[in-house]
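First the structure, in the form of structure tokens, and then the observations on it.
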Amino acid sequence: MTILEKLKSGRVVLDGGMGTQLQARGLPLGVLPEEWNLSRPDEVTAIHRAYFSAGSDIVCANTFGANYFKFGDRLEEIIRAGIKCAENARKGLKDKFIALDIGSCGKLLKPLGGLDFEDAVALFKRTVKAGAEAGADVIFIETMNDVYELKAAVIAAREVCSLPVFTSAVFGNDGKTMTGTSPEAFVALAEGLGVDALGINCSLAPAEMADTVERILKVSSTPVIVKPNAGLPQERGGKTVYSLGADDFAAQMVPLVEAGARLIGGCCGTTPEYIEKLVAATKNIAVKPVENKGLTVVSSYTQARYFGHIPVLIGERINPTGKKRLKQALKENDIAYVLSEAVSQAEKGAHVLDVNVGLPEIDEPSMLEKCVSEIQAVTDLPLQIDTSDPVAMGRAMRIYNGVPLVNSVNGKRESMDAVFPLVKKYGGVVICLTLDENGIPSTAEGRVKIAEKIIEYANSYGILRGQLIFDTLAMAVSADNSAANAALGALDYIRHNLGCNTSLGVSNISFGLPQRDFINSTFFAMALARGLSAAIYNPNSQEMVKTYNSFLALSGLDENCANYIEYASSVSAGEITVTVGEKSGGAVTGDLKYFILKGLKAEAAASAKKLLEISKPLDIINAYIIPALDEAGKGFENKTVFLPQLLMSAEAASSAFAEIKAKLNPAENAKNLKAVLATVKGDIHDIGKNIVVTLLQNYGFTVYDLGRDVPPETVLKEARARGVQLVGLSALMTTTVVSMKQTIELLKSELPSVKICVGGAVLNEEYAKEIGADRYCKDAMATVRYAEELESKI
Amino acid sequence: MIKTLCGKIEKLNVSETLRFLGYGKTALPEESVRQLLAECESEVLAAQDLRACYAVFDISAHGEKLDLGFAEVESHSLYLNLKGCKKIVLFACTAGVGIDRLIAKYSRISPSKAAVMQAAGAALVEDWCEELCAIFKREYGDMKPRFSCGYGDLPLALQRDIFAALSVTKQIGITLSDDYFMTPTKSVTAIVGIR
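For the protein sequence lines, the chains are Z and U, in the order given. Just so you know, the first sequence maps onto residues 1 to 794 in the working numbering. Just so you know, the second sequence maps onto residues 1001 to 1195 in the working numbering.
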């Protein structure tokens, strides 16, 4: 019998604690448990044997911490020995299995930590390869605190071997993992990656896990693992014991097994006795079948979003089509603008954000990957990866932390063959456009036919109906007055007769007509009434938001109309705020300098706008913005203004500048000096560097911000390509000053005329000189002064 | 035996936050900064996920070479700090990864807010340390001031041993980089002598 057959045939019993068992057998503090695979194999084998005898069907080899970080090139030897110990314990037994046990690598992934996603994949690949070659039956990725690391490990397992993969995460009393993931988001991710079993282990006693287990069971179409601790560790007579005895543990497990837990065992503090009692207490409980829940779900690293109940709003603002400002931002690599659009849509109530960066003149795969990763640093909304380039799509889906919505596939064979393998591998939900080689059918029936074809073809790739959302294509009603009816007819049929979710890019309907919002919002209401599950919309459109909130109230999806009432009052409150805002600034209207000094962003922007009616852009910069910044800067140097105030002034100046920029002849504004700024390789601290970037930009210098953890070669390449006169490098840690030095050496040999300034917590005047920098800048203002000094010499 | 604790702080220590931002004892923040602080306070408090793990170790000294029960270390400053102690509490604590997410978010969209979040996070974990030390005091009696790696001549490399001794990553989710940098960044490890 294979392990998957076993899992299909009924409940599977896992083992109990390993670490605590090793300690009980004398593993000293400070010795890595996996060392015993080589030095005390008999002890390890004895523990496995005891679990098999107690009734475990699967034991986890003693490889929890076996990764390259901990064992270097001894890794393979340690893993082989670990599997061998389990194999020795299995000798003479039938239908017993061995799991390669994989825990966290102990480092946090980017953007919060320093470990690159692909480096994590490579790290886990090495562990998996060794375990698979040594003869493991299943890969068990467990005790995971971070689902992003879990994703890296599962991808590694899938790319190295064809063994089944199980995974479980740690959830606290608050029902979240330590990195904030909900049970539903965890299930969405694990199922998206196609694991064979998923669940929860460690941290809590069985009874304390009940709520989380229930939530997992409710949404999981995959067998569920429950492997709790024996309660909490306590000290009794100088010895560590766990608060829950074997009988109580077994008794607490019973309701979880009744609820449907299919793979059961114990974690820290549990022993073979616990497993024996667990088996005895649960063997007569009927096995619940694992049901396909048929859910349509996307997720981020914290939350899952389901389709089919409350209609889902997909914010459309991050898509350059028809958006001049965004086009410009993408061309200039101005990620900050993209991020501000993301945050503003999230604040306005979007549920999912569309991310499309397709422009002919940019490298779409790397830009999309970068934007997805950066947007996930500022919002935890699920994202819609929107591209027609399968390479860009694949790369973005791979590094996305969660399971994405993908836009889009259509009925053309070529499109389906490119997109479906990606959806199969990385999970997620894909928007299917009802068009094919023959174009867009003009009738509802024609579009439904294409939908049926897509469902069937997706199925041949192992993609379920629930992973498909159909966009029945809103076309301009001004060109074809049956356009709305065709889209709505197909939508209705697909939703109610084919049982699939639907979506529309609503605003296309009004192309070529005046007052498009009127048409859009009415069409939106009609579509919602016919069964629209999701809409791509502009969160800034009051009409659309009004329609949506009213629809929820009218269709019984808004209990006590609470959402509607809150929304309605926010609309009138919003109008009042506008007047108050103008009043509060009334006394000093037009005094841009004052607003900048006070750090009042909105007022500074409004005042700049007003000034533009009477003054030339450049005069505003010279008469208001620069003097204000200088005053704030001097105050900072004299310690009368402090960092937050200085930065707020800089932000207010930026918002004023953004208004002025539109009216400004670029040649008029720019200073001559151009600079590249970067936090050096190995260093992920960029707050200080960001402050410098903000201030330099405010003073009119052209700044290319390369971000953090930047290799010397990249700094050189950009400095050369951009033709800069100044390179600013930042480092916070002593260990990364080395890479700062390397960067300086490279620049000095290749671009000797470029000046280099350095800053950061670990540096000082002397140190800066030692590593060859031209100038040490103790803070952002010092960098501005240095840039001004260089500017005067150009 | 390793014990774990969770906590919650109801109010941000504003004067400590201002101190981290470079305000001296007398300097008062502008109204706009006070507003910014208030916004940041509510976000930081909502994002906190205070956790700690600790254990008690017997220690002994041979000159300035200290056997801390989980590792041996030579350190003059720690020797002075622990003079007369037979036991220590070793602890690790964190304000949680949510604070790092806030800092990451605002460092991308608002430098001023990022700076205040940094400071508020630092103040939060400091207060959490104070709370923990008060708990240890109730449990074990009078304590010496807490002492962390990097204070005086106590090497940062001891972090590696502390993480192993308390299974810090598994217990409360702090990770340690090759450079002994902790993530979540608003985290502290320390040794506290029991008098």
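All C-beta atoms in this analysis are idealised placements derived from N, C-alpha and C, irrespective of residue type, glycine included. Keep in mind the model is a prediction, meaning the values are calculated, not measured.
In this structure, A350 (chain Z) keeps its C-beta atom at 9 Å or more from the C-beta atom of G322 (chain Z).
Of the other Cβ atoms in all chains shown, fewer than 16 fall within 10 Å of the Cβ of R236 (chain Z); this residue is therefore exposed. The beta carbons of G19 (chain Z) and V297 (chain Z) sit no closer together than 9 Å. Each of Z:A136, Z:E631, Z:K6, Z:C105 was checked against the Cα of A61 (chain Z), and the nearest Cα belongs to Z:A136. Rounded to whole angstroms, the Cβ separation of I450 (chain Z) and D436 (chain Z) is 5 Å, and the two are in contact under 8 Å. The straight-line gap separating the alpha-carbon atoms of Y68 (chain Z) and F1163 (chain U) is approximately 18 Å. Around the C-beta of H685 (chain Z), 16 or more other C-beta atoms lie within 10 Å, and the residue is accordingly described as buried. What M1001 (chain U) touches in chain Z, judged by beta-carbon distance under 8 Å, is P233, Q234, E235, T240, going in chain order. Straight-line measurement puts the Cα of N333 (chain Z) at about 24 Å from the Cα of M740 (chain Z).
Checking the DSSP bridge columns, you'll see F140 (chain Z) partnered with Z:D101, Z:F166. Nearest to I621 (chain Z) by alpha-carbon distance, out of Z:M253, Z:I440, Z:A670, Z:L381, is Z:A670. Residues of the segment 348–360 of chain Z with a C-beta atom less than 8 Å from some C-beta of chain U do not occur. Contact annotation for V1116 (chain U) against chain Z: P644 [CB-CB distance below 8 Å, chain order].
Residue-level contact by beta carbon fails for A1095 (chain U) and chain Z, as no gap is shorter than 9 Å. Here DSSP, grouped into helix, strand and coil, assigns T1189 (chain U) to strand. I200 (chain Z) carries a strand assignment under DSSP once its states are collapsed to helix, strand and coil. Those residues of the segment 185–212 of chain Z placed with their C-beta closer than 7 Å to a C-beta in chain U do not exist. Note: G439 (chain Z) is bridge-paired with Z:D436 in the DSSP secondary-structure output. Excluding five sequence positions before and after L557 (chain Z), the CB atoms of its chain that fall closer than 7 Å to its own CB belong to I310, given in chain order. Of all alpha-carbon atoms in Z:I139, Z:L790, Z:K663, the one lying nearest the alpha-carbon of K674 (chain Z) is that of Z:L790. With a threshold of 16 other beta carbon atoms within 10 Å, K639 (chain Z) falls short and is exposed. Three or more beta-carbon pairs separated by less than 8 Å are not found between the segment 69–82 of chain Z and the segment 285–300 of chain Z, which leaves the two stretches without contact. Annotation: E603 (chain Z) to L1037 (chain U) spans about 19 Å, alpha carbon to alpha carbon. Taking C-beta atoms under 8 Å as the contact rule, A656 (chain Z) and G599 (chain Z) fail to qualify, at a distance of about 12 Å.
Counting only runs of 4 or more residues that sit fully inside the segment 1007–1031 of chain U, the alpha helix (DSSP H) segments are 1014–1020, in chain order. For I1088 (chain U), the uninterrupted beta strand (DSSP E) run begins and ends at 1087–1094, by DSSP. Counting only runs of 3+ residues, the beta strand (DSSP E) found wholly inside the segment 514–547 of chain Z occupies 534–537, in chain order.
Runs of the alpha helix (DSSP H) lying entirely within the segment 334–397 of chain Z, each at least 4 residues long, are 335–347, 364–378 in chain order. Looking at the backbone, the Cα of F1147 (chain U) and that of S607 (chain Z) are separated by about 52 Å. Residues of the segment 327–344 of chain Z that bring their beta carbon within less than 7 Å of a beta carbon in chain U comprise A336, L339, S340, V343, in sequence order.
Between the beta-carbon of L1050 (chain U) and that of G1007 (chain U) there is about 4 Å, and that keeps the pair under the 8 Å contact cut.
Spatial neighbours of G131 (chain Z) in its own chain (CB-CB distance under 6 Å, excluding positions within 5 residues in sequence) are listed in chain order as I79, L100. The Cβ atoms of Y457 (chain Z) and R413 (chain Z) lie closer than 9 Å to each other. Put simply, the backbone Cα of A534 (chain Z) is about 29 Å away from that of T177 (chain Z). Distance between V727 (chain Z) and T735 (chain Z), taken at the CA atoms: about 20 Å. Note that the C-beta distance between C267 (chain Z) and N201 (chain Z) is below 9 Å.
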